[in-house]
Amino acid sequence: MCRGPCKQMVIITNNTYQVCAGCAHYLKYMGEKCELRNCPNYGDGKTRMTTKNGHMLCSSCHTSYSKKCAGWPWERFVEYRSQVLYRPASYQKTDYPLIKNPVERHSLAECSKCKKVSKISVIQYQFCDTCRKQEQYAKETCWCCGFTSEESCGMGWDTFEAVFACNRCALKKSKYKLASYSILKNQIRTRLKCDICQNSIKHEGKKEDRACIDHDHSNNKVRGVLCPACNFLDGYIKKTDCPQEWAKLYVEYVSSPPLDIPGMH
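The following block contains the structure:
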């Protein structure tokens with residue numbers, strides 16, 4: 258009989274304490290605490306502790322260090338993992354109750370929110386992946402644009418910047434390869450006039466009326482914020498073989514129209 262947490266008739270691998278191989282891993286570092294700040298885990302007989310490069314880690318932090326962050330310097334991993342552990346708890350403001358008899362994860366079932374039969378991503382609430390993104394941080398406000406999760410169809414937590422960001426702002430940051438949400442909030446969204454025609458622009462509303470972030474397709478560098486009309490014209494001109502020559506010919510054309518002759522009208 259194993260004298261460890263399992264209390265089962267198994268093969269004993271540690272004769273000193275009469276425990277099996279599985280329980281030995283839980284009892285080996287009994288009382289030791291995970292070195293990472295914000296991590297509450299310690300060797301309590303139920304949490305597996307282990308060492309990695311001379312550092313004491315719980316099983317979840319060890320998995321992250323060994324797999325997702327493999328090859329990272331210790332200091333970089335500590336900063337990243339601490340931010341991950343600091344993130345807010347999920348589903349704190351959802352209006353949907355816990356499921357008493359949850360189905361298995363990734364099995365086909367009816368989503369408790371959208372009522373569609375699809376693969377279940379969160380078994381506790383029986384959400385599909387789309388509804389999971391909408392309900393994980395429901396009723397939270399985007400740090401960048403000020404929209405709530407309902408207005409922007411989903412909210413996420415940015416681990417490195419420690420802010421809430423809606424799906425639309427996250428898409429813009431990723432698409433234009435911006436260094437941080439601070440640039441999107443303070444440098445791009447504060448521009449209220451088109452950088453070419455100087456007409457007023459707005460960052461919200463219908464897609465056809467919304468301001469456009471202009472970037473160079475050759476190097477993906479952001480150049481400015483344009484109104485939809487100037488952005489369309491800029492894209493059209495860039496399709497020509499020589500935009501500079503086209504612009505020169507256009508100026509000549511406007512200044513001296515070829516059909517501006519006596520008797521034309």
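In our numbering, the protein residues as written are 258 to 522.
Glycine included, every Cβ here is placed at the ideal spot set by N, Cα and C.
Just so we're clear, the structure is a prediction, and the values are computed from it rather than from any experiment.
*asked:* Could you give the first and the last residue of the continuous alpha helix (DSSP H) run that contains residue 329?
replied: Your numbering for residue 329 matches position 72 in the sequence shown. Segment: none, residue 329 is in no alpha helix (DSSP H) and carries neither H nor E.
*Starting from residue 388, follow the alpha helix (DSSP H) in both directions and report where the run begins and ends.*
For the purposes of this step, residue 388 is taken as residue 131 along the sequence shown, with counting starting at 1. Its alpha helix (DSSP H) spans residues 386 to 392.
*With distances taken Cα to Cα, identify the nearest neighbour of residue 327 among 342, 313, 309.*
By 1-based counting over the sequence shown, the position of residue 327 is 70. For residue 327, the nearest C-alpha among the options comes from 309.
_With H, G and I counted as helix, E and B as strand and the rest as coil, what does DSSP make of residue 483?_
Here residue 483 corresponds to residue number 226 of the sequence shown, with the count starting at 1. The answer is strand: DSSP assigns residue 483 an E or B state.
*Quick one: what's residue 421 bridged to in DSSP?*
For the purposes of this step, residue 421 is identified with residue 164 of the sequence shown, where counting begins at 1. Its beta-bridge partners are 414.
_Please report the distance separating the alpha-carbon of residue 423 from that of residue 347._
Here residue 423 refers to the residue found at position 166 of the sequence shown. Here residue 347 refers to the residue found at position 90 of the sequence shown. Approximately 15 Å, taken between the alpha carbons.
_residue 359 and residue 383 - do their beta-carbons sit closer together than 9 Å?_
Indexing the sequence shown from 1 puts residue 383 at position 126. Indexing the sequence shown from 1 puts residue 359 at position 102. Yes.
_Taking the beta carbon of residue 443 as the centre, do at least 16 other beta carbons fall within 10 Å, making it buried, or is it exposed?_
Start at 1 with the first residue of the sequence shown, and residue 443 comes out as number 186. Exposed.
*DSSP state of residue 372, grouped into three classes?*
For this step, residue 372 is matched to residue 115 along the sequence shown. The answer is coil: DSSP assigns residue 372 none of H, G, I, E or B.
*Three-state secondary structure (DSSP) at residue 283?*
Stepping through the sequence shown from its first residue, residue 283 is reached at position 26. Helix at residue 283.
_Tell me whether the segment 390 to 403 and the segment 413 to 431 touch, counting them as touching only if at least three CB pairs, one residue from each stretch, are closer than 8 Å._
yes
*asked:* According to DSSP, simplified to helix, strand and coil, what is residue 382?
replied: Against the sequence shown, residue 382 aligns to sequence position 125. Here DSSP, grouped into helix, strand and coil, assigns residue 382 to coil.
_Taking its Cβ as the centre, do 16 or more other Cβ atoms sit within 10 Å of residue 258, making it buried, or is it exposed?_
If you number the sequence shown from 1, residue 258 lands on position 1. Label assigned to residue 258: exposed.
*asked:* Measuring only the C-alpha atoms, how far is residue 512 from residue 389?
replied: The residue given as residue 512 occupies position 255 in the sequence shown. The residue given as residue 389 occupies position 132 in the sequence shown. Distance between the alpha carbons of residue 512 and residue 389: 59 Å.
_Whole-number beta carbon distance between residue 452 and residue 231, since they are thought to touch under 8 Å_ = Any question about residue 231 goes unanswered here, given that the chain covers just 258 to 522.
*Cα separation between residue 494 and residue 507?*
Locating residue 494 in the sequence shown gives position 237, counting from the first residue. Locating residue 507 in the sequence shown gives position 250, counting from the first residue. When rounded, the distance between both Cα atoms is 11 Å.
_Assess contact between the segment 306 to 326 and the segment 265 to 278, defined as three or more Cβ pairs (one per stretch) separated by less than 8 Å. Is contact present?_
no
*Within 10 angstroms of the Cβ of residue 428, are there 16 or more other Cβ atoms? Answer buried if so, exposed if not.*
If you number the sequence shown from 1, residue 428 lands on position 171. With fewer than 16 other Cβ atoms within 10 Å, it is exposed.
*What does a CB cutoff of less than 7 Å around residue 458 pick up in its chain, not counting 5 residues either side in sequence?*
Against the sequence shown, residue 458 aligns to sequence position 201. Excluding positions up to five away in sequence, the list reads 449, 450, 451, 468, 482, 484.
*Cβ-based neighbour list, residue 473, same chain, cut-off 7 Å, excluding 5 preceding and 5 following*: Residue numbering aside, residue 473 sits at position 216 when the sequence shown is read from its first letter. Within the same chain, residue 473 has close Cβ partners 480.
_So, with DSSP's three-state summary, where would you put residue 459?_
The residue labelled residue 459 in the question sits at position 202 within the sequence shown. Coil.
*In three-state terms, what does DSSP make of residue 469?*
In the sequence shown, residue 469 corresponds to position 212, counting from 1. In this structure, residue 469 counts as strand in the three-state DSSP scheme.
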